[in-house]
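Numbered by my numbering, the letters in the sequence shown go through residues 1215 to 1633 in order.
Structure first, commentary second.
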Amino acid sequence: MSAPRFCSRLPAHVLMLGGLLCCSAASALNVRVLVLAAPSLTVRVPVAAPPVAPLPVYPAVPTPAPLQLAAWRVGVQGSGAGARLTLNGQDSGNATLYLPPTPGSVVEIGGKAYRGGVFLRTERGGVQAINVVNVEDYLRGVVASEMPSSWPAAALAAQAVIARTYVAARVNPALPYDTCATESCQVYTGLSSEKPATDAAIAATAGQVVAYAGKAASTYFSSDSGGFTASSAEVWGKDVPYLTAKADPFSAGGPRAQWRLEIPLSKVQDVAGRYRVRVGTLQAVTVTSVSASGRPQEISFTGASGVARISGADAGGFVRSLGAVSSRATLSGLNPLIVEGAGAGHGVGLSQYGALGLARQGYDHLHVLGFYYPGTSLSALAGGAEETRPVLALVRPLPSPASPGIFARSPAAPSWMTQ
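In structure tokens form, the structure reads like this:
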């Protein structure tokens, strides 16, 4: 079997544009996604390069027909600076190998099919497989993984825009990849998760991103705000003007809208220790201060040898470390410690169940985005880029709840939203 047409590195004609790869000014942006890291892995690539075709128009183009693929076991030989990749046990002579994406191309990495190409590199004695894929194709494997495809079009469109924005904000040419494929970044499962409804949402919002001060915004999102979004300052200790705490009446009816936990004292003691609480056997755990969003901002621990307190982001971290799905919670009792809360996730930025609620009331995706990222603008990924980030073309400000009458088109909007 002859070796696949890998390049030993990213070819010179491939331009690094803010971490996004462009093969020419006319081609679409590509992103680099770490999909697998292992001591060795199997990559299946087309036996022959697929024919060049126009970029697909979603959702009319179906999933590509299976191509004849050749399997290659990729490993590592040597160590440190001398490490090189092997293909089916044979030394490739290189620490990196690159199979560029072409329109319609598909590769299989670790048993999962992905659109685009693959960049392989040695890392700490193992192999990293990085899917290099058109940003719109990447979203096809993200949006349906992060939000049910049965949800209304406006909610799916909002998810598509924030997913696109999220990856645009993360590009970094100094790093070997832009994003990962897990919940630590955005869940990306490739070809298997694509759905017509999410493909349509991606096509309808093609290129759209949320921007603030000329840059891609930090479009954090979580499952359910529990009725009140959290500020980035209270969760992570960093103030971001458009990631603020605000009442969110649209996040209602989710499966974890209300929940209750009973935590044994032994676990409470153990978790407190991880937050450097050293007061001996615990006698009381009390929330002594809450944020504007109702999340603990200071927790007091009384023990046999004194009193200790944790505050800020650590307070919320302690609650989540107990097993709570959200830090929007109250604490009572001790053995067990009763944790009662609302919502799921960190609560910063868009609430997915809130987007669902807004969409069901007739709001479009721009109003969804304007509600959760106040003061931002709708922008678009533009051709060309600076060395450090994609260039954004300003389109228009997003609707903001602070603007009089902005929700007037929806008769179901609560009165306080139009004041």
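Quick reminder that beta carbons are idealized off the backbone N, C-alpha and C, glycines included.
Val1485 sits in a helix when the DSSP states are folded into three classes.
Rounded to the nearest whole angstrom, the C-alpha separation of His1579 and Ala1471 is 23 Å. With a threshold of 16 other beta carbon atoms within 10 Å, Thr1502 falls short and is exposed. Bounds of the beta strand (DSSP E) holding Leu1334 are 1331 to 1337. DSSP, read as helix, strand or coil, puts Ala1285 in strand. Relative to the Cα of Thr1396, the nearest Cα in the group Trp1450, Val1357, Trp1365 belongs to Val1357.
The beta carbon of Arg1534 sits closer than 7 Å to those of Ser1541, all from its chain and outside the five residues before and after it, given in chain order. CA-to-CA, the gap between Gly1468 and Glu1350 works out to about 29 Å.
Assigned with DSSP and collapsed to three states, Gly1468 falls in coil, not helix or strand.
If you draw a straight line from the Cα of Val1346 to the Cα of Phe1333, it is about 7 Å long.
Counting the other Cβ atoms within 10 Å of the Cβ of Leu1389 gives fewer than 16, which makes it exposed. Just so you know, the alpha carbons of Ser1398 and Tyr1434 end up roughly 12 Å apart.
Excluding sequence positions up to five before and after Thr1419, its CB lies within less than 8 Å of the CB of Ala1371, Ala1374, Val1375, Arg1378, His1579, all in the same chain and listed in chain order. For Glu1512 and Ser1319, the gap between their C-alpha atoms comes out near 53 Å. Collapsing the DSSP output to three states places Leu1572 in a helix. Rounded to the nearest whole angstrom, the C-alpha separation of Gln1342 and Val1521 is 47 Å.
Relative to Tyr1312, the option among Gly1324, Gly1296, Lys1326, Gly1330 whose CA is nearest is Gly1330. The three-state reading of DSSP puts Val1491 in coil, since its state is none of H, G, I, E or B.
The beta carbons of Asp1438 and Ser1465 sit closer together than 7 Å. Rounded to whole angstroms, the Cβ separation of Val1401 and Val1245 is 15 Å, and the two are not in contact under 8 Å.
If you draw a straight line from the Cα of Ala1309 to the Cα of Val1249, it comes to about 18 Å.
Apart from the 5 residues on each side of it in sequence, Ala1506 sits with its Cβ closer than 7 Å to the Cβ of Ala1459 in its chain, given in chain order. For Tyr1352, the enclosing alpha helix (DSSP H) covers residues 1349 to 1354.
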